[in-house]
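Sequences listed follow chains A, B, C and D, in order. Position in the first sequence counted from 1, then plus 382, gives you the working numbering. Position in the second sequence counted from 1, then plus 382, gives you the working numbering. Position in the third sequence counted from 1, then plus 382, gives you the working numbering. Position in the fourth sequence counted from 1, then plus 382, gives you the working numbering. Using N, Cα and C, we set each Cβ at its ideal position, and we do this for glycine too. Okay, so here's the structure we're looking at.
4 protein chains.
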Amino acid sequence: MSQQKSNRKRTETARRILNTAAEIFSESGFEGARVDEIARRAGVNKASIYYHIGDKQALYARVIHDLFGNAAGQMVENISASLSPTEKLKRYIHTLAGIVDQNPQIAAIMLREQASGGKNLPELVAQDIAGIVGIISGILDEGVKEGIFIKTKPFVVHLMIIGAIVLYKMSSSIRSKYPVLSETSNEQKDQNLKQAAAEVQRLVLNAVKK
Amino acid sequence: MSQQKSNRKRTETARRILNTAAEIFSESGFEGARVDEIARRAGVNKASIYYHIGDKQALYARVIHDLFGNAAGQMVENISASLSPTEKLKRYIHTLAGIVDQNPQIAAIMLREQASGGKNLPELVAQDIAGIVGIISGILDEGVKEGIFIKTKPFVVHLMIIGAIVLYKMSSSIRSKYPVLSETSNEQKDQNLKQAAAEVQRLVLNAVKK
Amino acid sequence: MSQQKSNRKRTETARRILNTAAEIFSESGFEGARVDEIARRAGVNKASIYYHIGDKQALYARVIHDLFGNAAGQMVENISASLSPTEKLKRYIHTLAGIVDQNPQIAAIMLREQASGGKNLPELVAQDIAGIVGIISGILDEGVKEGIFIKTKPFVVHLMIIGAIVLYKMSSSIRSKYPVLSETSNEQKDQNLKQAAAEVQRLVLNAVKK
Amino acid sequence: MSQQKSNRKRTETARRILNTAAEIFSESGFEGARVDEIARRAGVNKASIYYHIGDKQALYARVIHDLFGNAAGQMVENISASLSPTEKLKRYIHTLAGIVDQNPQIAAIMLREQASGGKNLPELVAQDIAGIVGIISGILDEGVKEGIFIKTKPFVVHLMIIGAIVLYKMSSSIRSKYPVLSETSNEQKDQNLKQAAAEVQRLVLNAVKK
DNA sequence: TATGAATGAGACTTCATTCAT
DNA sequence: TATGAATGAAGTCTCATTCAT
Numbered sequence: 383m384s385q386q387k388s389n390r391k392r393t394e395t396a397r398r399i400l401n402t403a404a405e406i407f408s409e410s411g412f413e414g415a416r417v418d419e420i421a422r423r424a425g426v427n428k429a430s431i432y433y434h435i436g437d438k439q440a441l442y443a444r445v446i447h448d449l450f451g452n453a454a455g456q457m458v459e460n461i462s463a464s465l466s467p468t469e470k471l472k473r474y475i476h477t478l479a480g481i482v483d484q485n486p487q488i489a490a491i492m493l494r495e496q497a498s499g500g501k502n503l504p505e506l507v508a509q510d511i512a513g514i515v516g517i518i519s520g521i522l523d524e525g526v527k528e529g530i531f532i533k534t535k536p537f538v539v540h541l542m543i544i545g546a547i548v549l550y551k552m553s554s555s556i557r558s559k560y561p562v563l564s565e566t567s568n569e570q571k572d573q574n575l576k577q578a579a580a581e582v583q584r585l586v587l588n589a590v591k592k
Numbered sequence: 383m384s385q386q387k388s389n390r391k392r393t394e395t396a397r398r399i400l401n402t403a404a405e406i407f408s409e410s411g412f413e414g415a416r417v418d419e420i421a422r423r424a425g426v427n428k429a430s431i432y433y434h435i436g437d438k439q440a441l442y443a444r445v446i447h448d449l450f451g452n453a454a455g456q457m458v459e460n461i462s463a464s465l466s467p468t469e470k471l472k473r474y475i476h477t478l479a480g481i482v483d484q485n486p487q488i489a490a491i492m493l494r495e496q497a498s499g500g501k502n503l504p505e506l507v508a509q510d511i512a513g514i515v516g517i518i519s520g521i522l523d524e525g526v527k528e529g530i531f532i533k534t535k536p537f538v539v540h541l542m543i544i545g546a547i548v549l550y551k552m553s554s555s556i557r558s559k560y561p562v563l564s565e566t567s568n569e570q571k572d573q574n575l576k577q578a579a580a581e582v583q584r585l586v587l588n589a590v591k592k
Numbered sequence: 383m384s385q386q387k388s389n390r391k392r393t394e395t396a397r398r399i400l401n402t403a404a405e406i407f408s409e410s411g412f413e414g415a416r417v418d419e420i421a422r423r424a425g426v427n428k429a430s431i432y433y434h435i436g437d438k439q440a441l442y443a444r445v446i447h448d449l450f451g452n453a454a455g456q457m458v459e460n461i462s463a464s465l466s467p468t469e470k471l472k473r474y475i476h477t478l479a480g481i482v483d484q485n486p487q488i489a490a491i492m493l494r495e496q497a498s499g500g501k502n503l504p505e506l507v508a509q510d511i512a513g514i515v516g517i518i519s520g521i522l523d524e525g526v527k528e529g530i531f532i533k534t535k536p537f538v539v540h541l542m543i544i545g546a547i548v549l550y551k552m553s554s555s556i557r558s559k560y561p562v563l564s565e566t567s568n569e570q571k572d573q574n575l576k577q578a579a580a581e582v583q584r585l586v587l588n589a590v591k592k
Numbered sequence: 383m384s385q386q387k388s389n390r391k392r393t394e395t396a397r398r399i400l401n402t403a404a405e406i407f408s409e410s411g412f413e414g415a416r417v418d419e420i421a422r423r424a425g426v427n428k429a430s431i432y433y434h435i436g437d438k439q440a441l442y443a444r445v446i447h448d449l450f451g452n453a454a455g456q457m458v459e460n461i462s463a464s465l466s467p468t469e470k471l472k473r474y475i476h477t478l479a480g481i482v483d484q485n486p487q488i489a490a491i492m493l494r495e496q497a498s499g500g501k502n503l504p505e506l507v508a509q510d511i512a513g514i515v516g517i518i519s520g521i522l523d524e525g526v527k528e529g530i531f532i533k534t535k536p537f538v539v540h541l542m543i544i545g546a547i548v549l550y551k552m553s554s555s556i557r558s559k560y561p562v563l564s565e566t567s568n569e570q571k572d573q574n575l576k577q578a579a580a581e582v583q584r585l586v587l588n589a590v591k592k
């Protein structure tokens, strides 16, 4: 009983730390994030972070592992084997958009990891990402075999999709800060990621369909 | 004469500082970059940086203004008004790839700026970027008017293109660090940005053509 | 009965804490020792230490009191009044060596206390040490009175003896770490404290005998 | 000219840091010493220590290297080859006492190094110490060959000498703090290291002479 | 008694920036 | 202009101690 309560307390504190850390790493990056700030916003003592999780590096590792591991899992779950390649591709894009929408931190972290060449990326997480790339490769190959997709470089298709979605997600803040970036196109109100994802679906299907 | 020499030396020193700074900001981001390291690698005294350019923020501003301003200029130059929308779109992608290829630092910096919501992005640079977005909007609109492109959200198309190219560029290092990321696709040797850009051209044209 | 068991358990826990603390204070000194480490190695919860013994200072006091108090007692016991001064002196050295050999921690702690000028030395322990010094003073005085020893400064003799024995004990580890320290003399295998003590006996007797 | 002044300033600051550090390491040991305190007492900014010397470990290494290296040099200088073994032995003890007297920090640091098994002792310093041990070994061997010394374990003789001198030096503070330690012997006023060294000379010569 | 969690104070170290020459 | 030195602010991490159960 008291064990239970204690466990709940332990995980609750750790969870609060991890969530706050995800936010702050996402806002400021690994180097820009301040452990003090994480503790302050999480409402815990700074030493608690070291007690429960470990140093800044370990904290970062936990955060991105949780984020990306979860994402990979969702992706696998959502794409049932029985679907047609076309439907799978749509689901893939939809799911990706959903993940990014529900975990707003994932977009920024992914971009920064790409920018730094994965300097802080633990092996485990690299595998999660590789899994996601593997899925789309499979879908495209399948489509080619069924004669409904043209032959493409799957990695490039993957980058187009993920690039469009992640950058769209991120651009909302930059666009609101620098209206000049939206003025040129006439879709200011279109900050809805769902709609952008639908557009990506349409464009990508056009691109790969025979 | 000595004035001239002094001027040349002055600009030469400044140039060396700026080039080194571009490298290091690109490798490590604004927060991760160390003024000491920039001075060391540029072979100048640390105080020289403050004398010639200013503080870290000013240095960063100069670097990205040089990088992006130049890019916008190249883009305008390369897309002559007389071309067909299809040809313009191809040129646009080709030019973008060329810029990224010739200025390897631009990719990482752009990603990090996106990630941080343009926290360190000066107005001037935002305008440069807006210019680039404006160009593709124009191309797509023109194609729609001529009846050869379907109606699309230009901003999404832009993100697909730039995302694919920039991420492809960056992914080379991350892929070589984590081979697992390449294993799934069979295009390891394909690390050539030119080829990826050609693929992007083909896919995007498929996507927008009527 | 349960009271008894509880008492036994209580003292057993305290004993385990004290033994471990002695080890760790000996290895690392007061400042270098970590309460966490003591708890870990003793297999008890950190708070237990505070409950059973007290804070770090109190723990240290207990440890050295146990160590030195015991030593003083042994010394008194071993030197029966009926012996000749020569025999007493031999016994004194022999006993000292025995104490140091059986309580390996005592050597390091004594050196560090000397080094710090007894900063952490409780009065009680100082008296224990004074007792030991008193004993050899008595022996030497007695020998002088009996006309078999020359007149000496007893404190210096004491320092020679204790210095040789304690430093010999400690030097084993430093010599094995830095073989260069043993190379110069040809007695590498001679790391036996007993043999060194015999040599000290011989030398000291030579030194003080008429 | 300005170079000279700058050099002087540089070495002067470094010297001040090093001297203060020697004091504080001697008072408190490596773990007990506080970098803040060193900076404060040296009258320099804390960051200056890192600029001029390096981190705490490096600072400690420099301090003991200066101390022990200097000591080894003095010892070699003072013992001219032409002297008799007896005279050399006296000089050896005298010089040791002189070194300890002039560098009060050396005694405490040496004791603590012995206590910790040379945990923080750089190789270079170990060699300095080995050199000192080598000298007395040589002296005793020479005396044996000339038939004026008995055969002894040189390392033990060395420990007796250095133990007596170093402990005597250190004991002054502990004795003044705990008068009980002096009461038993009647030589309170004898805190003069010179006199103690003379006594050591006499005793050691008695001990080793045939 | 025993223990996991919490915490404030403080330790070491780094860094951008400025100073003095 | 150029540079070695200096510095204050801040950042990461540790540790003895206490709390709450």
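Neighbours of E524/B in chain A, taken as residues whose beta carbon is under 9 Å from its own, are absent, since the nearest beta carbon is some 14 Å off. In this structure, DSSP gives K576/D a helical state, which the three-state scheme calls helix. The beta-carbon of T402/A is placed no less than 8 Å from the nearest beta-carbon of chain B.
Short of 7 Å from the beta carbon of A579/D, and not among the five residues preceding or following it, lie these beta carbons of its own chain, in chain order: I475, H476, A479 and I547. Here K535/D carries a coil assignment [DSSP, helix/strand/coil]. Within chain C, no residue has its CB atom less than 9 Å from the CB of A463/D, the nearest being about 17 Å off. Near chain C, meaning a CB-to-CB distance below 7 Å, the residues of the stretch 411 to 438 of chain D are G411, E413 and G414. For R494/D, the enclosing alpha helix (DSSP H) covers residues P486 to A497. According to DSSP, K428/B shares a beta bridge with no other residue.
Relative to the Cα of L441/A, the nearest Cα in the group I544/A, G500/A, V458/A and A403/A belongs to A403/A. Taking CB atoms only, K535/C has a neighbour in chain D less than 8 Å away.
The alpha carbon of S498/C has as its nearest neighbour, out of N401/C, E413/C and R397/C, the alpha carbon of E413/C.
Collapsing the DSSP output to three states places K591/A in a strand. In this structure D418/C is in contact with K428/C, their Cβ atoms being roughly 6 Å apart against a cut-off of 8 Å. Residue contact with chain C for M457/D: absent (no Cβ-Cβ distance below 8 Å to any residue of chain C).
If you compare the alpha carbons of G513/B, F407/B, S464/B and G500/B with that of Q456/B, the shortest gap goes to G513/B. At a cut-off of 8 Å between beta-carbon atoms, E405/A makes no contact with chain B. For A479/A, no CB of chain B lies under 8 Å from its own CB, so it is not counted at the interface with that chain. Interface criterion not met: the Cβ of A453/C is under 8 Å from no Cβ in chain D. Remark: C-beta atoms of I511/D and P536/D do not approach each other more closely than 8 Å.
G411/C places its beta carbon 8 Å or farther from that of G425/D. Spanning the alpha carbons of V507/A and A490/B requires a straight line of approximately 20 Å. In the DSSP assignment, E524/A falls within the alpha helix (DSSP H) that extends over E505 to K527. Membership of L465/C in any alpha helix (DSSP H) is not indicated, and neither H nor E is assigned to it by DSSP.
Straight across, the Cα-Cα distance linking M542/A with A415/B is about 29 Å. In this structure, I521/B and K470/B form a Cβ contact; the two beta carbons are roughly 5 Å apart against a cut-off of 8 Å.
Interface annotation for the stretch 487 to 505 of chain D against chain C: A489, A490, I491, M492, L493, R494, E495, Q496, A497, S498, G499, G500, K501, L503 and E505, criterion Cβ-Cβ distance under 9 Å. In terms of Cβ geometry, V539/A and L585/B form a close pair [threshold 8 Å]. For L449/D, no Cβ of chain C is located within less than 8 Å of the residue's own Cβ.
The closest CA to that of A454/B, considering only V482/B, E495/B, L549/B and E405/B, is found on V482/B. The three-state secondary structure of G411/B, taken from DSSP, is helix. By the rule that beta-carbons nearer than 8 Å mark a contact, Y550/B touches chain A. Contact check for G545/B against G545/A passes: the beta carbons are separated by less than 8 Å. Separation of A396/A and I435/A (C-alpha to C-alpha, rounded to the nearest whole angstrom) is 7 Å. DSSP, reduced to helix, strand and coil, places D437/D outside both helices and strands of the structure shown, so it counts as coil.
Nearest CB-CB separation between S553/D and chain C: below the 8 Å threshold.
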